[in-house]
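Residue numbering for the sequence shown follows this note's numbering, starting at 3 and increasing by one per position. Beta carbons are placed, not taken as given, at the ideal position from N, Cα and C, and that holds for glycine. These figures come from a predicted structure and were not determined experimentally. For reference, the structure discussed in these notes is given below.
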Amino acid sequence: MQIAEIFESVQGEGPWAGTQSLFIRTSGCNLRCWFCDTPYTSWKPEGTAWTLAELCHRIAESSAPDVVLTGGEPMLVPDLVPLSEYCKSLGKRITVETAGTVDLPVTADLMAISPKLSNSSPDDASWKQRHEASRFRPEVIRALTSRYQSILKFVIDKPEDLTELQQWLQQIPELQPSTVWLMPQSRTREQLREKSPWLRELARKHGFNFSSRLHIEMFGNQRGT
Ligand code: SF4
3 MQIAEIFESV
13 QGEGPWAGTQ
23 SLFIRTSGCN
33 LRCWFCDTPY
43 TSWKPEGTAW
53 TLAELCHRIA
63 ESSAPDVVLT
73 GGEPMLVPDL
83 VPLSEYCKSL
93 GKRITVETAG
103 TVDLPVTADL
113 MAISPKLSNS
123 SPDDASWKQR
133 HEASRFRPEV
143 IRALTSRYQS
153 ILKFVIDKPE
163 DLTELQQWLQ
173 QIPELQPSTV
183 WLMPQSRTRE
193 QLREKSPWLR
203 ELARKHGFNF
213 SSRLHIEMFG
223 NQRGT
């Protein structure tokens with residue numbers, strides 16, 4: 003498996019924010035969001051090849067109770083299935099972080115799906131069309147949310163994005179607002195501070211959850227945090 007990084011830190015987003023976690027970040031993504039905060043897994047994918055046995059050994063060494071399988075797009079990696087099963091056999095609580103465009107029969111306690119709205123579209127002409135054709139896969143969202151405890155995390159850049167989010171949700175009406183989390187599009191502490199107040203208020207108004215990005219609050223946009 004091509005792995006961009008492995009590190010221990012606190013989960014920064016969603017309902018389990020603050021929990022000590024081992025992050026395993028796969029390299030490679032089928033999307034190219036302009037705001038990608040891990041471009042070393044998408045625009046310029048890098049990493050090291052790890053065998054499944056090496057990864058299992060690294061996980062067994064960690065005392066963190068949670069394992070976060072993230073990317074990039076981890077659901078592109080078939081070996082995530084046996085890897086997640088191994089995590090479960092160790093009694094770890096597993097979060098899979100995905101954009102919800104690819105399905106894979108992984109083992110997960112929480113499927114943290116971050117669907118991408120049109121505000122994610124890149125300027126890069128060679129990627130724009132492919133990104134737009136791939137970013138909304140309602141059949142995958144339905145399949146994942148029917149099998150796993152799931153949340154939907156939306157990156158919000160401007161208040162106007164809420165209109166598109168409402169239209170998005172109307173296309174999959176079985177999804178409950180209580181499973182929706184809004185996060186500020188931010189790669190710096192300053193952006194997070196500027197956007198959090200109005201986004202928190204919008205989330206409250208619409209019955210959604212608000213999620214800060216604890217790792218940015220604590221470390222800024224540092225790699226491996
Ligand atoms: S889906 Fe995630 S990893 Fe892929 S380009 Fe978008 S933000 Fe980056």
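Outcome for residue i when other beta-carbon atoms lying within 10 angstroms are tallied against a minimum of 16
i: serine 65; result: exposed
i: histidine 241; result: No answer is possible for residue 241: it lies beyond the span of the chain, which begins at 3 and ends at 227.
i: tryptophan 183; result: buried
i: leucine 54; result: exposed
i: glycine 209; result: exposed
i: lysine 46; result: exposed
i: threonine 50; result: exposed
i: glutamine 22; result: exposed
i: threonine 72; result: buried
i: glutamate 200; result: The sequence shown places tryptophan at residue 200, rather than the glutamate named in the question. Tryptophan 200 comes out exposed.
i: glutamate 48; result: exposed
i: aspartate 68; result: buried
i: glutamine 13; result: buried
From the options, residue whose alpha carbon lies closest to that of residue i
i: alanine 19; options: Glu203, Arg195, Leu204, Met185; result: Met185
i: threonine 190; options: Arg215, Val108, Gln131; result: Arg215
i: glutamate 196; options: Pro84, Ala51, Glu219; result: Glu219
i: alanine 127; options: Ser23, Gly16, Gln13, Trp36; result: Trp36
i: cysteine 38; options: His133, Thr147, Gln178; result: His133
i: serine 180; options: Trp170, Ser198, Ile153; result: Ile153
i: cysteine 31; options: Ser136, Gln178, Gly16, Val157; result: Ser136
i: arginine 27; options: Ile8, Gln131, Glu203, Gln187; result: Ile8
i: cysteine 58; options: Gly14, Ser188, Phe25; result: Phe25
i: proline 41; options: Gly74, Phe156, Ser148, Gln169; result: Gly74
i: arginine 202; options: Gln169, Phe221, Leu164, Leu171; result: Leu164
i: glutamine 168; options: Val70, Ala205, Thr43; result: Ala205
i: serine 198; options: Asn121, Glu162, Ile158, Leu171; result: Ile158
i: tyrosine 88; options: Ser29, Gln187, Glu56, Gly16; result: Glu56
Residue i in three-state terms, based on DSSP
i: asparagine 121; result: helix
i: arginine 27; result: strand
i: valine 104; result: coil
i: proline 186; result: strand
i: valine 79; result: coil
i: serine 116; result: coil
i: phenylalanine 156; result: strand
i: glutamine 178; result: coil
i: leucine 71; result: strand
i: glutamine 131; result: helix
i: threonine 21; result: coil
i: alanine 51; result: strand
i: glutamate 63; result: helix
i: glutamate 99; result: strand
The alpha helix (DSSP H) enclosing residue i, as first and last residue numbers
i: lysine 207; result: 191-208
i: glutamate 7; result: Here glutamate 7 belongs to no alpha helix (DSSP H); instead the beta strand (DSSP E) covers 4-12.
i: arginine 215; result: Taken as a continuous stretch (DSSP letters only), arginine 215 belongs to no alpha helix (DSSP H), as it is neither H nor E.
i: tryptophan 170; result: 163-172
Cβ-based neighbour list, residue i, same chain, cut-off 6 Å, excluding 5 preceding and 5 following
i: alanine 110; result: Ile96, Val98, Tyr150
i: aspartate 81; result: Met3, Leu54
i: valine 70; result: Ser23, Phe25, Thr97
i: valine 79; result: Met3, Thr28
Residues of its chain near residue i, where Cβ-Cβ distance is below 8 Å and the 5 sequence neighbours each way are ignored
i: leucine 92; result: Ile61, Ala62
Nonlocal neighbours in the same chain, by C-beta distance under 7 Å from residue i, ignoring five residues either side
i: isoleucine 143; result: Gly102, Ile115, Pro117, Ile174
i: proline 107; result: Val83
i: arginine 34; result: Ser44, Trp45, Pro124, Asp126, Trp129, His133
is_contact[residue i, chain D] using C-beta, thresh 7 Å
i: isoleucine 143; result: Going by chain labels, chain D is absent from the structure shown, which holds only one protein chain.
Run of the beta strand (DSSP E) containing residue i, from where it starts to where it stops
i: leucine 92; result: Looking at the DSSP string, leucine 92 is not in any beta strand (DSSP E), and its letter there is neither H nor E.
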